[in-house]
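As numbered in our numbering, residues 695 to 1177 make up the sequence shown, in order. Don't be surprised by glycine CBs; every beta carbon is placed ideally from N, CA and C.
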Amino acid sequence: MARVVVIGAGIAGLTTAESLAARGHDVLVVEGRDRVGGVVAPAEVAGVRLDVGAESVRITDDATAALERVGLAQRQVRPEPVPAQLWDRGRLVPLPARTYMGVPADAATTGGVLTEQEQERAAKGGAAALGAGPDADVSVAAGISAEYGRAVVDRLVEPLLGGVYAGRVDELSLPSTMGGLWQAAREHGSLAAGARALVPPADPAAAPASGAGGATGRRGPALLGVDGGVHQLPLALADRVRAHGGQIRLGTISRGIERTAQGWRVVVGPTTAPEAIDADAVVVATPAPAATRLLRDVAPGAADALAEVETASMAVVTIAVPAGRDGWDDLPGSGFLVPAVDGRLIKASTFVSTKWAWAAQAAREHGLLLLRASVGRAGDVTSLQREDDELVRGALADVATALGRSVPQVADSHVQRWGGGLPQYTVGHRARVARVVSGLADRPGLAVTGATYEGVGIAAVIAHARDTADTTHDQLSHTKEIA
C-alpha cells in the first residue's frame, strides 16, 4: 500500500483520491477550505438549496460513470425542454439551431440574431485561419472572423464561450477551447465544414435547444444535472474516498512540497507550527496560482509554465422573487446569454426554476421564481468591485429589462464570488500544458490535475483526474516492483 497525498478537494482532487483509494492506496486529501467541492458549491436561497457554482455536467462516459460510482446515477436529470435565448441588441431572440459553440453549421439559421448584411458575410465564407502543423494556434476571434466575419464572433460565439470561460475571444485559443471543432475543421478544410460534420441536422419534431453547450441542433446540448443540485457530487465523492479508507482534512493549508530520499513530503498547517507529511506520491489538484507556488522548488519548469496561466474572476448572483407579483408570473425559457459588445452588467442569466424540474417544484412550494445571473469577464475589474447588494440590484435590473418587466421585489438573494476561479485558455495554452507535463516527466510520483489543463467543465475535469490517477497508480506499482 502506497501513501498518496492529494492537495485540493475539488472535483479533480476528490476524483483522483477516490480512484486511488479504490485501488488500495493510503490516500490523504488536504484542503485549505472548510468544505469540499472547490467551485462546485451550494447555498440556501429563500429556503431552497441551490448550486452557486457549476450547475450541469456535459454527458460523457467518464461523467456518467462517476455518477454511477458514487451512487448518483438514479438522480441524474436532464434540463427541461425549454429554449435558451440571446439578449442581443435589446431583443430576446432564440439561439440559432445547428451551431457548435455559436459557430454556424448553416448560416441560414442565424437570421434571428445577425443583420442581413452580417448574415450575408457569414454565408460568404473566407479563407480558414487554421494554421499549419500539429502545434498551430490562433485566437477564437481571429480564426472564426476570418471565415465568418466579426459579427458571428461577437454575437454568437463570445456569449457561449463567455459563459464557460469568462474569457475574451481575442485572447482565448481556438484549438484549446473548441478542440473538437478545430480538429474537424482541419480535417474538412474549413470551420463551416467542420461544424456541419459535428452538428446534427435540425429535427423539427425535437425539443429546442435549452442552453449553452457544444453542438446544438434542435435537440439541445447534451447536459445533465442532479436532482437536488450538482453540489451533491463532491459530497458523494468525499464519502467514497472515506469508504475506501482514505482521509480528508479540511481547513489545512499546504505550504510546500519537498523531495526526499524515499519520495515526497508535503508541509501543511500554519507557519508557526508546520507539519510534515511523507508520501510516495503527491497529486496537486489546485488552481494554477497555488500549483505554481507548491511546485516552485521541486519542479521549477512546470511552475514557470503554470505561472503564465491567467485566471478570471466572476460572481454568481442567485435571486428569489415572489411569483405572481409585479407581472412576474413565470420565467420564459431556460435563460439567456448576453454579448459582451452590448455592454450589460450580466453575461448570462439562468432561469433555475424553469430549467430544472426539481427546482421548479421547490420554487412552487415556496411561491417563488428562482434565477441566477453571472457577472464578470477576464479583464473586467469594475463590475466585481460593486458591493453584493449592488450586484443583486444591477443583475435583477438587467433581467427585468430583458424581459420587459418592472424590477420585482426580492425575496432573498445570494452572491457567490469566485476570485480567480476560471483558468484562461489563451493562445499558447496547449504549449504551456506540454511544458508542465515535460517539467514533471522526470519526477515520478508528482502529478497535477484540475481545470487548468484539458478542460474547465466537470466532465473534462473528471476525465483528466481519472487519467492522472491511472498514471500515478502505474508509477507506484512500477516503483514497488523494482524495490
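Inter-residue Cα distance where the pair is residue i and residue j
i	j	result
residue 849	residue 1033	6 Å
residue 926	residue 920	8 Å
residue 1019	residue 1025	13 Å
residue 950	residue 1137	16 Å
residue 999	residue 864	21 Å
residue 1156	residue 810	42 Å
residue 831	residue 749	31 Å
residue 1125	residue 1003	11 Å
residue 825	residue 872	15 Å
residue 1059	residue 1031	28 Å
residue 1164	residue 714	8 Å
residue 836	residue 1037	21 Å
residue 855	residue 978	27 Å
residue 868	residue 940	39 Å
residue 866	residue 875	15 Å
residue 710	residue 947	19 Å
residue 1123	residue 766	34 Å
residue 912	residue 1172	Unreliable positioning characterises residue 912 in this predicted model, as indicated by a pLDDT of 42, which lies under 50. The coordinate reading is nonetheless provided below. Taking the straight line joining both Cα atoms gives about 49 Å.
residue 1128	residue 878	22 Å
residue 892	residue 1147	24 Å
residue 639	residue 1007	Absent from the structure is residue 639, since the part of the chain shown begins at 695 and ends at 1177.
residue 1166	residue 975	7 Å
residue 703	residue 833	32 Å
residue 1083	residue 721	42 Å
residue 698	residue 987	20 Å
residue 1168	residue 955	20 Å
residue 791	residue 1041	21 Å
residue 1107	residue 747	15 Å
residue 880	residue 1075	37 Å
residue 1057	residue 1097	20 Å
residue 851	residue 780	11 Å
Supposed contact pair residue j and residue i - C-beta distance, whole angstroms, cut 8 Å
i	j	result
residue 961	residue 970	6 Å
residue 1011	residue 1086	6 Å
residue 1151	residue 1158	At roughly 11 Å, the Cβ-Cβ gap does not stay under 8 Å, so residue 1151 and residue 1158 are not in contact.
residue 1104	residue 1013	6 Å
residue 774	residue 1050	7 Å
residue 778	residue 789	5 Å
residue 838	residue 797	6 Å
residue 985	residue 733	Going by Cβ atoms, the distance from residue 985 to residue 733 rounds to 15 Å, so no, they are not a contact pair.
residue 1072	residue 1118	6 Å
residue 1102	residue 1015	4 Å
residue 1027	residue 1005	In fact, because the Cβ distance is near 31 Å, the residues do not count as touching under 8 Å.
residue 1070	residue 1009	6 Å
residue 700	residue 723	5 Å
residue 806	residue 776	With a Cβ gap of about 17 Å, residue 806 and residue 776 do not count as contacting.
Test item: CB-CB of residue i and residue j under 8 Å
i	j	result
residue 705	residue 928	yes
residue 1144	residue 996	no
residue 752	residue 922	no
residue 1100	residue 1065	no
residue 695	residue 726	no
residue 945	residue 1017	no
residue 799	residue 889	yes
residue 938	residue 762	no
residue 931	residue 708	yes
residue 1068	residue 857	yes
Helix, strand or coil at residue i according to DSSP, with G and I counted as helix
i	result
residue 738	strand
residue 1050	coil
residue 729	coil
residue 748	coil
residue 929	helix
residue 858	helix
residue 920	strand
residue 765	coil
residue 705	helix
residue 757	helix
residue 1039	coil
residue 1170	helix
residue 883	coil
residue 847	helix
residue 839	helix
residue 1019	strand
residue 815	helix
residue 695	coil
residue 1028	coil
residue 723	strand
residue 809	coil
- request: Write down every uninterrupted run of the alpha helix (DSSP H) in the stretch 934–1016 whose length is 4 residues or greater and which is fully enclosed by it, in chain order.
  value: 982–989 and 994–1001
- request: Output the residue ranges of the beta strand (DSSP E) runs that lie fully inside the stretch 1109–1165 and measure 3 residues or longer, sorted by chain position.
  value: 1140–1142
message: Quick check for students: name the residue ranges of the alpha helix (DSSP H) that lie wholly in the stretch 1064–1112, counting only runs of 4 or more.
response: 1082–1097
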